[in-house]
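What follows is one structure encoded as structure tokens, with my remarks underneath.
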């Protein structure tokens with residue numbers, strides 16, 4: 285499937301000088317490669333777009349090495365795309381103008397864990413599960429959990445969130461400090477390990493969510509949280525999506541400090557059941573998790589059970605044993621891959637709108653109507669406590685009309701979310717796929733401000749060019 | 285008292301053309317003034333620096349009016365300083381290069397309260413107390429509470445926090461969206477009312493904390509929170525500051541969701557007792573507040589009482605009645621003014637470091653030693669749950685040697701905090717007073733990135749010039 289900018293100047297490949305390759309080989313030897321298989325692996329992500337191959341891939345091992353690569357690329361006007369785990373969903377990693385993919389997977393160390401300060405500093409290639417594995421004996425955990433086992437660098441770059449964001453926030457709230465290699469080859473440190481600061485412009489938050497377009501993140505300091513004393517999880521079926529969502533809205537409005545509340549529609553439940561060998565009722569469901577003290581968790585659960593009952597919830601079922609809980613959440617995290625299996629050989633166009641919670645039921649119900657009018661199988665899941673949900677429209681990559689149908693629905697969903705005061709992307713990022721909505725969402729003047737920043741920090745447009753902005757500056 | 289840049293190009297006054305004044309008068313009539321008294325009021329803040337008067341003050345009533353003023357100033361190369369309630373502590377409001385002070389106090393309306401979404405949109409001149417007054421019947425509240433009854437616009441501009449930040453975050457976490465008039469006279473809208481977004485650069489967080497140097501904030505959408513079902517407050521004395529701080533560190537590390545935990549040293553308690561007619565024990569004290577359900581609050585309080593007992597806390601005393609609680613917190617909020625009264629006619633140089641919580645006891649104890657070696661009365665208060673504390677060094681504004689002594693101590697405290705991985709300002713902002721520490725804290729390269737952003741968004745350096753950056757670009 286072609287990406288939206290295929291015939292556009294944004295996707296014009298730039299020359300790749302042999303001198304650059306020579307220089308890289310001199311420094312990186314076998315850690316720089318132009319092998320087709322490696323380039324293919326690095327020229328795609330989990331989006332439905334056809335791969336766009338980088339000219340070469342370099343496996344970096346340190347901030348200094350990243351700095352050296354950026355310096356060489358700048359010298360030769362060659363684009364740079366940082367690569368973590370390849371799990372982004374919007375085409376972020378496609379080398380639409382060619383260039384060097386900097387693979388950061390070998391930079392996957394925990395630099396330090398400051399258990400007393402509830403912080404950890406890590407390299408960008410470490411995955412969220414690897415980080416939590418490293419934290420195992422500390423009594424702490426890192427809550428941000430996109431579906432995939434994404435890298436912390438990639439999660440920072442896309443301002444990712446996941447199922448825990450309703451309680452713990454997204455990467456926006458949980459990145460304290462960064463080391464970044466900028467386009468001109470400087471190494472900067474943004475932020476500190478202090479919990480707050482008013483010392484100048486918030487560069488940390490500027491680089492979080494910048495999708496590799498302003499620099500390469502080479503170190504990340506994140507917030508950690510004490511493992512809750514008690515955890516309980518539950519699932520509950522509802523007669524309709526609207527009922528489920530209304531239960532969530534009331535829960536949020538009452539200020540229940542719920543840790544997770546996830547919506548899964550009947551089709552998504554079917555996918556999950558098949559993929560994870562579960563036997564959940566194939567109806568609109570909510571998955572809940574409560575964190576707190578023993579009595580706090582009981583109290584939260586009771587409040588939520590009452591709200592659920594008033595919203596026609598049925599069969600509130602507990603997952604009390606840790607293994608049941610982790611089975612449930614593993615199943616939820618596998619939903620994307622489970623859904624892909626509903627239609628053999630398919631790929632998914634995923635929507636990612638996020639709206640103010642008061643509009644969520646209406647937004648979801650209108651979306652359901654859109655989907656009923658379409659022939660594409662389109663399961664829905666959502667981090668509904670945040671007002672964020674995803675439709676995965678499953679399509680045959682060989683059939684352009686299916687892509688057009690998916691994009692038609694996507695445009696309707698985004699337009700509705702924006703009209704409701706929401707955003708076109710709650711957590712996946714812009715990449716190639718949401719570029720066309722940026723002016724609709726922010727207005728031309730705010731985009732001009734973003735462009736001015738991009739232009740100031742990367743005047744040669746070397747850092748992941750052709751992303752975020754749907755036009756050349 | 286002169287501010288640190290008095291002999292510097294940064295404080296060179298620019299020409300103020302009569303044509304600009306005429307143009308402003310034409311549009312704003314009696315709402316533009318050059319009256320000495322008004323200019324004096326707008327040329328100072330709560331910092332110890334001598335006033336630096338703007339050439340004129342304009343009282344704006346709408347975003348469009350701010351836009352018109354910015355446009356005229358840009359035409360005439362005249363600086364612009366937004367003015368809220370005048371309560372900043374670091375010289376932010378001083379017109380070091382002259383120019384126009386835009387008084388936003390008449391823009392103090394609540395634009396909308398979206399109770400269901402837990403958000404409110406307000407004009408910048410509304411104060412935090414006015415906002416909470418407007419929220420009274422909604423069951424919601426806005427938690428951020430610097431000592432003064434600051435304007436929400438000013439709090440956004442300085443990335444303010446206060447006593448509730450340990451639980452609810454600072455302005456960084458609680459501003460969802462902004463309307464901003466940029467230096468080139470555009471009106472942009474940053475962010476949305478959705479709780480999260482990954483749609484491009486985080487302009488909201490860039491303008492929050494930019495201290496008027498990138499644009500004028502004319503509308504702010506903030507997060508609100510349900511009034512907790514139960515609140516309880518308590519005070520407790522400790523034999524030493526170190527003991528008090530260690531109790532706080534343990535509380536944070538155990539993940540107790542404490543709403544407020546404030547440190548007040550013996551001298552600050554004396555000031556508060558006198559000013560607010562209380563009879564607190566004149567010893568190092570912690571003020572606590574717990575928010576939650578009835579049983580949740582009891583449980584938190586019990587946990588904290590246990591921690592306090594293990595750290596030699598004495599006389600854990602409850603303020604159970606709402607009037608006792610508000611008396612206690614009003615007293616805490618008046619601490620700055622109470623402390624000023626310890627030394628008649630004095631002004632205060634205030635420190636504002638914030639360190640990783642594990643270093644807080646050491647940082648505070650070393651600071652105590654510094655203060656014991658000084659002749660200046662210097663009470664200490666702190667938002668210790670965040671690792672943030674303030675020393676108010678009380679000095680005679682007529683005695684330059686007292687200023688030098690205060691700045692000597694300030695430099696020691698900042699250097700120590702930076703060495704511990706902290707920041708020179710947790711919540712007050714840079715203004716004039718912390719400019720000299722910015723390179724020490726961030727490094728020259730990160731400051732160069734901040735400068736590049738400033739240069740890109742305000743190439744003529746019209747927006748609150750001479751602040752944040754200690755040198756011209």
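Residue numbers (the working numbering), protein chains in the order written: chain S, 285 to 757; chain G, 285 to 757. The beta-carbon is built from N, C-alpha and C at its ideal position, and this holds for glycine as well.
CB contact below 8 Å: residue i versus chain G
i	result
residue 377 (chain S)	no
residue 717 (chain S)	no
residue 465 (chain S)	no
residue 538 (chain S)	yes
residue 757 (chain S)	Note that residue 757 (chain S) scores 47 on pLDDT, short of 50, meaning its location in the model is unreliable; the coordinates nonetheless yield the value given after this. It does not: the Cβ of residue 757 (chain S) has no partner Cβ on chain G nearer than 8 Å.
residue 724 (chain S)	no
residue 452 (chain S)	no
residue 492 (chain S)	yes
residue 473 (chain S)	yes
residue 629 (chain S)	no
residue 737 (chain S)	yes
residue 672 (chain S)	yes
For residue j and residue i, the rounded distance between their alpha carbons
i	j	result
residue 566 (chain G)	residue 678 (chain G)	19 Å
residue 476 (chain S)	residue 642 (chain G)	14 Å
residue 348 (chain S)	residue 710 (chain G)	31 Å
residue 537 (chain S)	residue 645 (chain S)	14 Å
residue 473 (chain G)	residue 459 (chain G)	13 Å
residue 632 (chain G)	residue 373 (chain G)	9 Å
residue 293 (chain G)	residue 686 (chain G)	26 Å
residue 618 (chain G)	residue 438 (chain G)	19 Å
residue 434 (chain S)	residue 411 (chain S)	5 Å
residue 533 (chain S)	residue 544 (chain G)	27 Å
residue 323 (chain S)	residue 701 (chain S)	37 Å
residue 405 (chain S)	residue 345 (chain S)	16 Å
residue 757 (chain G)	residue 739 (chain G)	Bear in mind that a pLDDT of 47 at residue 757 (chain G), under 50, signals an unreliable position, so the model cannot answer this.
Selected residue, minimal CA-CA separation from residue i, among the options
i	options	result
residue 657 (chain G)	G:692, G:485, G:474, G:416	G:692
residue 296 (chain G)	G:708, G:383, G:376	G:383
residue 743 (chain G)	G:408, G:464, G:468	G:468
residue 368 (chain G)	G:386, G:356, G:353	G:386
residue 332 (chain S)	S:676, S:606, S:541	S:676
residue 564 (chain S)	S:405, S:358, S:602	S:602
residue 684 (chain S)	S:701, S:668, S:660, S:703	S:660
residue 734 (chain S)	S:753, S:414, S:721	S:753
residue 464 (chain S)	S:350, S:619, S:330, S:596	S:350
residue 716 (chain G)	G:318, G:376, G:300, G:323	G:376
residue 400 (chain S)	S:415, S:419, S:721	S:419
residue 407 (chain S)	S:523, S:398, S:436, S:690	S:436
residue 513 (chain G)	G:337, G:637, G:582, G:732	G:582
Coarse secondary structure for residue i, derived from DSSP in three states
i	result
residue 684 (chain G)	helix
residue 358 (chain S)	helix
residue 315 (chain G)	helix
residue 457 (chain G)	helix
residue 422 (chain G)	helix
residue 729 (chain S)	helix
residue 481 (chain G)	coil
residue 813 (chain S)	Past the boundaries of the shown model lies residue 813 (chain S); chain S is included only from 285 to 757, so the question cannot be answered.
residue 503 (chain G)	strand
Interface flag, residue i vs chain S, CB-CB below 8 Å
i	result
residue 480 (chain G)	yes
residue 734 (chain G)	yes
residue 573 (chain G)	no
residue 358 (chain G)	no
residue 411 (chain G)	no
residue 443 (chain G)	yes
Near the ligand NAP: residue i beta-carbon under 7 Å from a heavy atom
i	result
residue 564 (chain S)	Looking at this structure, you won't find the ligand NAP or any other ligand, since it has none at all.
Completely contained beta strand (DSSP E) runs for the segment 587-663 of chain S, where each covers 3 or more residues | Those beta strand (DSSP E) runs which fall completely within the segment 587-663 of chain S and span 3+ residues are 598-603, 631-634.
Enumerated in chain order, which unbroken segments of the beta strand (DSSP E) with a length of 3 residues or greater are wholly contained in the segment 524-557 of chain S?
-> Listed in chain order, they are 544-548.
Inside the segment 323-370 of chain G only - alpha helix (DSSP H) runs reaching at least 4 residues | Listed in chain order, they are 347-360.
The segment 632-664 of chain G: which residues have C-beta closer than 9 Å to a C-beta of chain C, in chain order?
-> This model lacks chain C altogether; the protein chains it does include are S and G.
Unbroken stretches of the alpha helix (DSSP H), 4 residues or longer, contained in the segment 681-726 of chain G | Residue ranges of uninterrupted alpha helix (DSSP H) with 4 or more members, entirely inside the segment 681-726 of chain G and ordered along the chain, are 684-703, 722-726.
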